[in-house]
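Chemist: Dropping a structure here in structure tokens format, bear with me for questions.
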Amino acid sequence: MAAKKSASNNLEKMIANMLDYTAANNLEYATANNLEYTTANNVEYTTANNVQYTTANNVQYTTANNLEYIAVNKLEYTAVNKLEYTTANMLEYTTANNVQYTTADNLEYTTANNVEYTTANNVQYTTANNVEYTPANNVEYTPANNVQYTTANNVEYTPANNVQYTTANNLEYTPANNVQYTTANNLEYTPANNLEYTTANNLEYTPANNLEYTTANKLEYIAVNKLEYTTANNLGYTNSY
């Protein structure tokens with residue numbers, strides 16, 4: 001028994017080109033500068049404090065519970081099925097094609113330039129300051145409380161049930177078929193060419209300078225104090241008050 005223990009203690013003195021023959025239960029005695037010679041099937045036996053020395057091509061074999069010890073410059077080599085074990089402060093080093101495997105609770109640490117690779121079902125976990133980087137095809141998954149951060153060029157992809165959360169300065173980018181979902185307090189920001197799509201119950205909130213663009217069949221819903229702004233050719237459709 002003493003001889004075996006002595007052999008283990010002296011294992012760190014083994015030459016590098018023989019390390020791949022080391023028994024798994026002895027690997028913890030390998031020195032950091034020799035760890036690169038560890039074979040893939042033995043990597044899982046590397047101790048936590050030595051994991052950082054694992055070579056890039058072997059990182060994928062690191063066990064989930066040791067992944068937090070991987071050096072940041074090697075994180076991109078992490079196997080996708082283990083990415084969820086990566087610690088938050090290291091997530092920014094994850095490669096774009098692996099972001100889709102990031103767990104929801106870590107998504108807030110994904111860097112802006114990688115957000116576009118987030119999967120649709122995880123978009124809801126994107127932080128407000130990163131929402132602007134959400135690609136158009138995923139905008140529909142942005143939660144209501146983050147819609148205000150959607151960029152103007154992506155507003156057209158906001159689903160109808162979220163349009164009410166679009167900010168006033170972005171409302172002009174709302175497509176015609178969604179204008180009906182605009183809230184009354186935002187209606188004044190709807191561009192003239194979309195006003196015809198405003199619902200009757202919201203028409204009273206149309207600003208006077210846009211009233212001329214209201215379609216004739218909706219004119220009866222115009223507020224009395226704004227009637228003077230109705231164009232002459234539409235006046236015939238106004239209800240008598």
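The C-terminal residue of the sequence shown carries number 241 in our numbering, and the numbering is unbroken.
Ideal Cβ placement from N, Cα and C applies to all residues, glycine included.
Nothing here was measured: the structure is a model prediction, and the numbers come from that model.
Taking only runs of the alpha helix (DSSP H) that begin and end inside the segment 89-140, which ones reach a length of at least 4 residues, in chain order?
Modeler: Within the segment 89-140, no complete alpha helix (DSSP H) run reaches 4 residues.
Chemist: Less than 9 Å between the C-beta atoms of Q100 and N122, yes or no?
Modeler: Cβ distance < 9 Å, so Q100 and N122 count as in contact.
Chemist: Contact defined as beta carbons within less than 8 Å: I believe V155 pairs with T174. What is the distance between those atoms, to the nearest angstrom?
Modeler: That pair is a contact at about 6 Å.
Chemist: Just how far apart, CA to CA, sit T110 and N153?
Modeler: Approximately 22 Å between the Cα atoms of the pair.
Chemist: Which of helix, strand or coil does DSSP assign to A79?
Modeler: Looking at A79 - three-state DSSP - the assignment turns out to be coil, as it is neither helix nor strand.
Chemist: If you draw a straight line from the C-alpha of T47 to the C-alpha of T54, how long is it?
Modeler: Rounded to whole angstroms, T47 to T54 spans 10 Å at the Cα level.
Chemist: So N138 and A120 are in contact, right, with Cβ under 8 Å, and what is the actual spacing, rounded?
Modeler: Right, their Cβ atoms sit about 5 Å apart.
Chemist: For Y85, which residues from the same chain have a beta carbon less than 6 Å from its beta carbon, with the 5 sequence-adjacent residues on both sides left out?
Modeler: These residues qualify, in order along the chain: A64 and L67.
Chemist: Tell me which residues share the same chain as Q52 and place their Cβ nearer than 7 Å to its Cβ, disregarding the 5 neighbours each side in the sequence.
Modeler: So the list reads Y69, I70 and A71, once near-sequence residues are dropped.
Chemist: Who are the near neighbours of A168 in its chain, counting only those whose CB is closer than 7 Å to its CB and skipping five residues on each side?
Modeler: Answer for A168: N186 and Y189, listed in chain order.
Chemist: Spatial neighbours of P143 within its chain, please: CB distance less than 7 Å, with the 5 preceding and 5 following residues excluded, ordered by chain position.
Modeler: Q124, listed in sequence order.
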